[in-house]
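Visitor: Quick mapping for you: the protein sequence lines, in order, are chains H and B. Convert by adding 792 to the 1-based position in the first sequence; the result is the number in my numbering. Convert by adding 6 to the 1-based position in the second sequence; the result is the number in my numbering.
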Amino acid sequence: MLELRLVQGSLLKKVLESIKDLVNDANFDFSSSGFSLQSMDSSHVALVALLLKSEGFEHYRCDRNTSMGMNLGNMSKMLKCAGNDDIITIKGDDGSDTVTFMFESPTQDKIADFEMKLMDIDSEHLGIPEAEYHAIVKMPSAEFARICKDLASIGDTVVISVTKEGVKFSTRGDIGTANIVLRQNTTVDKPEDATVIEMNEPVSMTFALRYMNSFTKATPLSNTVTISMSPDLPVVVEYKIAEMGYVRFYLAPKMEE
Amino acid sequence: RVFQKSMFDFYQEY
């Protein structure tokens, strides 16, 4: 028996919108501590890891660990039928091949349930060890989205370089080149507007902008984004979900061979 | 030449 009631249902809608274009199908792994998902895009270049902890739910019941394979496009279609203020409850029964999403309006005068077919998914789970990163940049998520969008109009790849001077985003394309430098800036009115650069060693890596732009669909989930880089590891682009968990995107770099 | 790496170049499946 599985029953999860999320008062801030819009959060789940936003989570789905942030990952559904990157990943078609995924197994949702439910346990008593919360639910998680790990899935790669079809080309195995990017990976999404989602965690929503049970503490963030008004009611959370998961009698035993269970994995449910869902088509994220279909799940998104169903969640789009929930109002932004609706309370969303996810329900499942052991051995069932469906999951139910229940939407309640805040005033309880409209209650809808949508039953979605589950699917069997052969998922490739990767072991991602904790790592020390050479550089970690925390910046406003809207600023990061703007930079990725702007650079994608010039080139296909972005070089992200972190030095003690700041973080530089560079691209080049047929029409020319672009460089955007952000300096550390902690003298802001609101902490979420700060750009904070933690650097142990300088790092410079190249990534496909198409994926970066896809990651920025998570911008509505968090005011800030954290970008963690080490030369021999995929970059981690993390959007924290307040009090509940995170959506992390991992992207393999482009490297010279 | 610059090549796109894969997740499998960095992490093991389990």
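Built from N, CA and C at the ideal position, the CB exists for glycine as well.
Between which two residues does the beta strand (DSSP E) containing C873 (chain H) stretch?
Guide: Counting along the chain, C873 (chain H) falls outside any beta strand (DSSP E), and DSSP gives it neither H nor E.
Visitor: According to the Cβ coordinates, are G1037 (chain H) and K845 (chain H) closer than 7 angstroms?
Guide: Going by C-beta atoms, G1037 (chain H) is nearer than 7 angstroms to K845 (chain H).
Visitor: With C-beta atoms as the reference, is M911 (chain H) less than 7 angstroms away from G861 (chain H)?
Guide: In this structure, G861 (chain H) lies closer than 7 angstroms to M911 (chain H) by Cβ.
Visitor: So, is I903 (chain H) buried or exposed, given that buried needs 16 or more other C-beta atoms within 10 angstroms?
Guide: When all chains shown are included, I903 (chain H) counts as exposed.
Visitor: Spell out the partners DSSP gives T969 (chain H) in its beta bridges.
Guide: DSSP output for T969 (chain H) lists H:R964 as bridge partner(s).
Visitor: On a CA-only basis, which of H:Y925, H:N876, H:D1024 and H:V1028 is nearest M991 (chain H)? Give me that one, please.
Guide: Nearest option by C-alpha distance: H:Y925.
Visitor: Measure from the alpha carbon of A816 (chain H) to the alpha carbon of each residue in H:N866, H:L918 and H:E850, then state which is nearest.
Guide: Reading off the sequence shown, one finds Asn at residue 816 (chain H), where the question assumed Ala. Of the listed residues, the one whose Cα sits closest to N816 (chain H) is H:N866.
Visitor: Can you pull out the residues from the stretch 909-931 of chain H whose beta carbon lies closer than 7 angstroms to at least one beta carbon of chain B?
Guide: Answer in chain order: E916, H917, L918, G919 and I920.
Visitor: Looking only at its chain, what residues have a beta carbon closer than 6 angstroms to the beta carbon of L839 (chain H), apart from the 5 residues adjacent to it on each side?
Guide: The answer, listed in chain order, is M832 and Y1042.
Visitor: Taking C-alpha atoms, which residue in H:L974, H:T969 and H:A970 lies nearest to T955 (chain H)?
Guide: Nearest option by C-alpha distance: H:L974.
Visitor: Applying the 10 Å Cβ sphere with the 16-neighbour rule, what's the burial state of C873 (chain H)?
Guide: Exposed, because fewer than 16 other Cβ atoms sit within 10 Å of the Cβ of C873 (chain H).
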